[in-house]
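Protein chains in written order, with the numbering used here: chain Z, 1351 to 1733; chain E, 10 to 544; chain C, 366 to 616. A virtual CB, placed ideally from N, CA and C, is assigned to each residue, including glycine. The block underneath contains the structure these notes are about, expressed in structure tokens.
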Amino acid sequence: MQNHRTFGPRGLVFLAVLLAAAALVPASSLLTPAGSALHLSTYAVTLVGKYLCYALLALSLDLVWGYCGILCLGQGAFFALGGYAMGMYLMRQIGARGSYANPDLPDFMVFLNYHSLPWTWWGFSSFPYAVLMALAVPGALALVFGYFAFRSRVTGVYLSIITQALTYALLLAFFRNEMGFGGNNGLTDFKDILGHDVRSDGTRAALFATSCVALALGYVVAAAVTGSKFGQVTVAIRDAESRVRFLGYRVEHYKTLVFTLSAMMAGMAGALYVPQVGIINPGEFAPANSIEAVIWVAVGGRGTLVGAALGAVLVNWGKTYFTGAFPEYWLFLLGGLFVLVTLFLPQGILGLVDRLTARRRPGPPAERPVAPEEQVLPRPVAE
Amino acid sequence: MPRTAIVAALLALLCAAAAPAHAAPVDDALAHFTADKFPETDRGIDELVASGAPTAPAVLGALGDGRLLFDPGSHRVYYAEASGALDDAATGARADGVAQGALKKVRLNNGIRSKLAAALGGLDLLSPDRAKRLAAADTAFHTPDPKSLAAIDAALGRETDPAAKAALLQARAAVVATSGAGPEADRLGAIATLTARGDGDALNYVNQAAAAPDASPAVKNAASAAASSIRFTLSLWQALQNAWYGLSLGSVLLLAAIGLAITFGVMGVINMAHGEMVMIGAYTTYLLQDLVAAHAPAWSEASLPIAVPAAFLVAGAIGVGIERTVIRFLYGRPLETLLATWGVSLILQQAVRTAFGPDNRPVSAPRFMAGSFHLGGLEITAGRMWIVVFTLAVFAALQVVLRATPFGLRMRAVTQNRRMASAMGISTGRIDALAFGLGSGIAGIAGVALSQIDNVSPNLGQSYIIDSFMVVVFGGVGNLWGTLVAALGLGIADKFLEPFAGAVLAKIAILVFIVLFIQKRPRGLFALKGRAVEA
Amino acid sequence: MTDPVLTSSLLYLDDVRVSFDGYKALRGLSLVLAPNEMRAIIGPNGAGKTTMMDVITGKTRPDEGTVFFGGSVDLTKRDEAEIAELGIGRKFQKPTVFENHSVDTNVALALKAPRGAFATLFGRAARDAREKVDGILRRIRLWDHRARRAGDLSHGQKQWLEIGMLLAQDPKLLLVDEPVAGMTDSETATTAELLREIARDHAVVVVEHDMAFVRDLGVKVTVLHEGAVLAEGPLDRVSADPRVVEVYLGR
């Protein structure tokens, strides 16, 4: 029963790959000469670093969707909020080097005739404070939003739709100049992070390594949560919510907690993403982004954690390739992926792998109590 | 007493105007033109207008064009017609046998030209064409000029049509209020007239009357009372105007959401490609319009009405196709349906982008949808009005289909109890496909209407999908009347918030409101209650 | 509510009324259950059996009427989780178990233990939890299937698992909705035996259509009809009542 096998063999491989990448990729980028076969360009490092941030976002989504049946269509909002927190820190680091050379106000505020820093920006010249906010703001939003939604038993599609409305409302709000977050243009032209040039090869390599470690940490936390009795309850909620309630569990508390945790992970992913891509703007709140993150998880295999991360990297790698080589066809491919995965691969790639390996195994599976062909696993209970 | 003086003057003018047979004033007026001096010409214009001669418009028009001629010898005045023939200026009769070579042109300078323009306006006030008189009175109201007072008074004396008379009185009031001159009673009368009119221009004139340097305390009091009364009237009209805008926005929301109310509300299918059905309807309209323009230009006015069934069929057929190939494998799995249909929406968008390019396609409006009209203080554009009417018609038609046709009956049976319906011999698969086609077809029809007010581009549908879901969820899933109330209610709320908060904040406020509302009533405004819906 | 003990009965329903959009599901239902009593409830479809269970477990709020548990607790003011914590367990008509969890995890999740989110996230299982789960698994005859995925069990086994989960909850009162629907005869007999065993130290309310099964239980019977009690007493007497025969048995 409560066998706390927190990381399966797959998880251990995943962690090992991440930690190895954290060490080897920066080494290859910084220590080998440009022409060498072992050399990775800074462009490639940054690109993969970006994928890792998406992987952390996918992981956070899998935690709520795969393990608790909450299909959040606003996960991108938490990601973007974390990104804005980091972006604000980076803006404050520009100091007097902006076009208007104002030591206290970012360029866009000078342009919009601000006389002093709005209170929302206080403290963001401190890196620890910005990191704290990248966790706390998405977390607080998820806590409040989740508490009310789950207490009122908004479930299934209704929840999906209102989370989509949430990110849409934030999109509209951040487009407004009056919000004080750079409006349409967002935050960009970053210079330094912790005293190092954001664009330098060394900083890029360090950001990559940090992303690896953050993803590994995220995985460890997610695996620990889903492996605990708490995780068993959330899966039970996913499969038969009212049964859990009649057993005396406060479903809304469980959902709120896992939702908040997931939002904080997404916020962290956004905070790591922004220094690597060099910009954060309201477009990150677009509902389409959040839905795209859902397909990463679906492709990799929901309810598998590792699969979610894998799916994010694969789909985004495909996107980079196709939008470069056949820009016309990318949306056909992405759209087709949504359709085909839901129709034919409901458990994603890892689910398929599990099914194939289970077939090859001789005799009835003793350890795995799951009859593979019947495992229509995460069929979320809609209402 | 000033008032009796006016009446006397009017009576005098009336008599003058009523006796056109008495030719002397015309001849006297025309005589001034033969003096060949600008001040004389000026007086001649005044007198000619005051004479009310039937030939006056023709004479003044000829003067402006340099076609007014006089014989220095006989002091007769003639005007040349466009054909070159000469007419006698006093009688308008053809003046054959007059040698054109002997005639001199009445000369013009800029002073005369501007005088002439005002005089022609004054003449329109006397025109036998009622519409022309009304238009002239309206112009006089909007460009009040003390010099036109005489012409207005002259026209008032002759006017018998009540509407034209009211318009003239308003024009006169505008002149009196803005001139800053005239007796007190006259000004008070003008203020009363303007108050009755009660629009923004009236407010402006009343304020000018109050600000006149020699305005008496009585005039000032009356003007300020009038101003506040007009402001109140204006705010009432403004509220009505907002309600109209809200109704118009609400009908657009309803139009976009109504198909979703079928697919989501009745069938429980989360169709994220719903917006693309709207988009396809709009593109069908565009294609059809091009087709009609190329092959049957005579029918181009009708291309929009023809597009309605065409868009229904195209979008409906695509909807049936999607249902048969994707959605039917996903019944009972709403979240998966959501993802798969999102994929379908991406494919449809890209397909349209590949076929038609990413930029906006022009769809022109038929004549009956162009222009606008006033209803009291309301300004209503014809296009918006037709969209409201059209939306309500679609809604009514849908109600009829669902309630009064065998298909509607079967569809309701399937949604209420699939197994029982199946047992009774209803082909549930066929009903599912047709119902989804119906919802999609209605989305296509929405696209026809939205092509008139939105850009026809591959992204058209995207902008409606979230709003549509909000409307259906807010109204209560499975309840078409709820969708109606929700769409119109949200539209009106949005337009009433806009003046205070701006468009974006209003929209955010509405979204936040719906999110909060769903917390309170997770099943919308008009939720079905009971055990069945919870199972 | 203010009076500490209003009644010595375990469950006390008086004049409970529920309506859905005008449809009156319960019209003045009254029912009294003594501690450790076992009661069978019968009645035709639409008699209000499931709605009654919904009211007792907090899923549905009655429009009118009083519902007391343990003499002093007003159930109409509590939600499902609170009522479950008070000691009322419920088995659904359609067997509802956590299909993706193993059989023993299903029982372990139901086991009496701190239910808070933080408690399950950071807490450790009680030392005797394993023994308790094993004991229940043996009692519900699923010991041999303990490692299987619950979704792979047969229909009857799922029913037993759900009863096992109720036992693990260790409630004062069990509400069991049609426990033998769709069962084979031997499964039915086993289930009746299981329920009688449970009734030794728990109060049980069984809703059932199967007359043979109700006879097997050999307990007091309440007949519901159109949202109210039509008759109450031993099955023999109840089944002789002409009104009962007319609405239910005679059909």
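Presumed contact (8 Å Cβ cut-off) between residue i and residue j, rounded CB distance
i         : j         : result
E:Ala145  : E:Asp133  : 4 Å
E:Gly131  : E:Thr148  : Not a contact, Cβ separation roughly 11 Å.
Z:Gly1536 : Z:Asn1631 : 3 Å
E:Gly485  : E:Val287  : Going by Cβ atoms, the distance from E:Gly485 to E:Val287 rounds to 22 Å, so no, they are not a contact pair.
E:Gly366  : E:Met378  : 26 Å between Cβ atoms; not a contact.
C:Leu394  : C:Gly411  : Going by Cβ atoms, the distance from C:Leu394 to C:Gly411 rounds to 13 Å, so no, they are not a contact pair.
Z:Gly1701 : Z:Phe1609 : Incorrect: roughly 24 Å between the Cβ atoms, too far for contact.
C:Gly423  : C:Asp444  : 5 Å
Residue j beta carbon less than 8 Å from that of residue i
i         : j         : result
C:Leu507  : C:Gln522  : yes
Z:Tyr1508 : E:Val482  : yes
C:Ala399  : C:Val468  : no
E:Tyr88   : E:Val58   : no
Z:Ala1616 : Z:Gly1432 : yes
Z:Leu1493 : Z:Phe1635 : no
E:Gly446  : E:Gly277  : no
E:Leu177  : E:Ala164  : yes
Z:Met1436 : Z:Val1624 : yes
C:Val570  : C:Leu540  : yes
Z:Ala1619 : Z:Leu1407 : yes
E:Gly53   : E:Gly255  : no
E:Ile396  : E:Ile474  : no
Z:Ala1659 : Z:Ala1373 : no
E:Lys46   : E:Pro81   : no
According to DSSP, residues forming a beta bridge with residue i
i        : result
C:Glu429 : C:Arg382
E:Arg370 : E:Val465
E:Lys229 : According to DSSP, which records beta bridges pairwise, E:Lys229 is partnered with nothing at all.
C:Thr587 : C:Ile406, C:Glu597
C:Gly454 : C:Leu539
C:Glu573 : C:Glu573 pairs with nothing; no bridge assigned.
Sequence-distant residues of its chain with Cβ nearer than 8 Å to residue i (five each side left out)
i         : result
Z:Gln1443 : Ser1475, Phe1540, Lys1541, Asp1542, Ile1543
Z:Leu1423 : Ser1510, Ile1511, Thr1513, Gln1514, Thr1517, Pro1637, Ser1640, Ile1641, Val1644
Z:Leu1365 : Phe1357, Ala1566, Tyr1569, Val1570
E:Ala349  : Val335, Ile336, Leu339
C:Thr416  : Val383, Ala390, Leu391, Thr425, Gly592
E:Arg427  : Thr437
E:Ala518  : Leu506, Ala510
C:Phe457  : Glu527, Asp542
Own chain residues within Cβ distance below 6 Å of residue i, not counting five before or after
i         : result
Z:Glu1642 : none
Z:Val1726 : Note on Z:Val1726: pLDDT 32, under 50, position unreliable in the model; the coordinate value appears next. Around Z:Val1726: no qualifying Cβ.
Contact set for residue i: own chain, Cβ-Cβ below 7 Å, skip 5 residues either direction
i         : result
Z:Leu1402 : Ser1561, Cys1562, Leu1565
E:Glu310  : Pro375, Arg376
Z:Leu1462 : Asn1527
C:Leu600  : Val579, Arg580, Val586
E:Lys516  : Asp503
Z:Val1363 : none
E:Trp252  : In the sequence as displayed, the identity of residue 252 of chain E is Ala instead of Trp. Same-chain partners within the cutoff: Ile501.
Contact test: residue i Cβ vs the ligand COA heavy atom, cutoff 7 Å
i        : result
E:Lys114 : Only the bare structure without any ligand can be found here, which leaves the ligand COA out of the picture.
Residues from the stretch 528 to 560 of chain C in contact with chain Z, defined by Cβ distance under 8 Å: Met530, Gln534
Interfacial residues, the stretch 254 to 280 of chain E to chain Z, with Cβ spacing under 8 Å: Ile279
Chain E contacts from the stretch 1609 to 1643 of chain Z (Cβ-Cβ distance under 7 Å): Pro1637, Ile1641
Under 7 Å (Cβ pairs) to chain Z, residues found in the stretch 465 to 487 of chain E: Ile475, Phe478, Met479, Val482
Chain-ordered residues of the stretch 441 to 469 of chain C with a beta carbon less than 7 Å from chain Z: Glu445, Ala446, Ala449, Glu450, Arg455, Thr461, Phe463, Glu464, Asn465, His466, Ser467, Asp469
Contact list for the stretch 335 to 356 of chain E against chain Z, Cβ threshold 9 Å: Val335, Phe338, Leu339, Gly341, Arg342, Pro343, Leu344, Glu345, Thr346, Leu347, Leu348, Ala349, Thr350, Trp351, Gly352, Val353, Ser354, Leu355, Ile356
Selection of the stretch 1424 to 1452 of chain Z by Cβ proximity to chain E, strictly under 9 Å: none
Against chain Z: residues of the stretch 570 to 601 of chain C by CB proximity under 9 Å: none
Residues from the stretch 355 to 372 of chain E in contact with chain Z, defined by Cβ distance under 9 Å: Leu355, Ile356, Leu357, Gln358, Gln359, Ala360, Arg362, Thr363
Residues from the stretch 1566 to 1580 of chain Z in contact with chain C, defined by Cβ distance under 8 Å: Val1575, Ser1578, Lys1579, Phe1580
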